[in-house]
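Everything in the sequence shown is counted per numbering that gives the first Met the number 0, starting at 0 for the first residue and increasing by one.
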Amino acid sequence: MSIDDDVALLERVPTLRLLGDASLRMLAIGSEQRDFVRGDVLFNLGDDADAGFVVQRGAFRVDDGAGAEMIAGPGALIGELALVVPMKRPSGAIAIEHSSVIRIARSLFQRVLESDPAAAVRLRDEFAIRSSQIASDILMAGGKLTN
Numbered sequence: 000m001s002i003d004d005d006v007a008l009l010e011r012v013p014t015l016r017l018l019g020d021a022s023l024r025m026l027a028i029g030s031e032q033r034d035f036v037r038g039d040v041l042f043n044l045g046d047d048a049d050a051g052f053v054v055q056r057g058a059f060r061v062d063d064g065a066g067a068e069m070i071a072g073p074g075a076l077i078g079e080l081a082l083v084v085p086m087k088r089p090s091g092a093i094a095i096e097h098s099s100v101i102r103i104a105r106s107l108f109q110r111v112l113e114s115d116p117a118a119a120v121r122l123r124d125e126f127a128i129r130s131s132q133i134a135s136d137i138l139m140a141g142g143k144l145t146n
């Protein structure tokens, strides 16, 4: 894929779209592509997380080890929080078919945010909105459980 193709794919990811064209181009140039065959491990539960992955083609089963799983296909961002904070992987991901990803290292992502403070503010605001929504959802679920 070309850099322009990678930028177009990154634009499909809601979180990354907030960064704008110049920042997406820097991510596309600085990231790396990785290919997987069915059964290959993208990462394991508990691994150190130092990157996020955007699925270019194929699909991955993401499993939290406690029975919750999802399928991530083209355009999905796997490991979003790893882009902004050091952490252990809360899930594992395995290719369920021939697949490829764009690997975005946290160090690259941080450099992009440092070079574009307005993009960093947009991303911070998005995370704040999501956090508020999650807190609201938890309160509503708790209220339903006590009634």
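Glycine included, every Cβ here is placed at the ideal spot set by N, Cα and C.
Would you mind working out which of V83, I101, D46 and G64 sits nearest E73, comparing C-alpha positions?
Note on residue identity: the sequence assigns Pro, not Glu, to residue 73. Out of V83, I101, D46 and G64, the CA that lies nearest to the CA of P73 is found in I101.
Taking just the CA atoms, how far does A134 sit from D34?
37 Å
Under 8 Å by Cβ, that's how I've got L15 and L76 pegged, so tell me the actual separation to the nearest angstrom.
7 Å
Using alpha carbons as the reference points, say which of P116, S98, I70 and G19 lies closest to Q55.
S98
Which residues in the same chain as L17 place their Cβ atom closer than 8 Å to its Cβ, once the five residues preceding and following it in sequence are excluded?
Residues A118, R121, L122 and E125 of the same chain have their beta carbon placed closer than 8 Å to that of L17, with the five preceding and five following residues left out of the count.
With 16 as the cutoff for other CB atoms within 10 Å, does G64 come out buried or exposed?
exposed
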